[in-house]
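Colleague: Sequence positions in the sequence shown follow this note's numbering and run 2 to 91.
Please read through the structure below; I'll follow up with questions.
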Amino acid sequence: MSRIVFAAAAASLAFAGPALADERQLTRDGVTYNYTIAKQGDARILAGTASLGGRFRLVVKDGWVRGHVGSTPVSFAEPKRTAQVTVASR
2 MSRIVFAAAA ASLAFAGPAL ADERQLTRDG VTYNYTIAKQ GDARILAGTA
52 SLGGRFRLVV KDGWVRGHVG STPVSFAEPK RTAQVTVASR
């Protein structure tokens with residue numbers, strides 16, 4: 002179960018920013034992810050490591066995420082994007 006949660010968190014990294022960069026880092030729920038996003042055709046490939054010691058490689062294409070977290074294969078629907086809202090205060 003924890004590998005699926007890890008994979009879902011890693012997949013959500015694809016939506017952390019619209020631009021592709023060489024190396025990215027994100028900390029979520031106390032876990033730091035170091036990863037890259039590569040575009041291959043109409044697919045995005047996320048590959049990296051987590052501070053928990055796990056490696057992952059996920060392919061996001063056609064609304065699905067497929068790949069491996071450690072040696073465990075994973076496959077699930079792509080997380081829905083959420084819009085960022087900026088609220089002005091007086």
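Virtual Cβ for every residue (Gly too), placed ideally from N, Cα, C.
Keep in mind it's a predicted model, so treat the numbers as computed, not measured.
(1) Please give me, in chain order, every unbroken run of the beta strand (DSSP E) with length at least 3 that falls completely inside the stretch 39 to 90.
(2) Use the C-beta contact count for residue 59: other C-beta atoms within 10 angstroms, 16 or more gives buried, fewer gives exposed.
(3) Do residue 37 and residue 44 count as a contact pair if the criterion is CB distance below 8 angstroms?
(4) Which word fits residue 20, buried or exposed, when buried means at least 16 other C-beta atoms lie within 10 angstroms of its C-beta?
(5) Going along the chain, which residues of its own chain have a beta-carbon closer than 7 angstroms to the beta-carbon of residue 65, five neighbours each way excluded?
(6) Within 10 angstroms of the Cβ of residue 88, are there 16 or more other Cβ atoms? Answer buried if so, exposed if not.
(7) Using CA coordinates, which residue listed in 63, 57 and 26 is at the minimum distance from residue 73?
Modeller: For this structure:
(1) List check, beta strand (DSSP E) in window: 44 to 51, 56 to 62, 65 to 70 and 73 to 78.
(2) In the sequence shown, counting from the first residue as 1, residue 59 sits at position 58. With 16 or more Cβ atoms within 10 Å of its Cβ, residue 59 is classed as buried.
(3) As a position in the sequence shown, residue 44 is number 43, starting the count at 1. As a position in the sequence shown, residue 37 is number 36, starting the count at 1. Contact flag unset, no.
(4) Stepping through the sequence shown from its first residue, residue 20 is reached at position 19. Its pLDDT being 48, under 50, residue 20 is placed unreliably by the model, and the measurement read from it follows with that caveat. The residue is exposed, with fewer than 16 neighbouring Cβ atoms inside 10 Å.
(5) For the purposes of this step, residue 65 is taken as residue 64 along the sequence shown, with counting starting at 1. Excluding positions up to five away in sequence, the list reads 76, 78 and 79.
(6) Looking up residue 88 in the sequence shown gives position 87. So residue 88 counts as exposed.
(7) In the sequence shown, the residue the question calls residue 73 occupies position 72. Minimum Cα distance to residue 73 is reached at 57.
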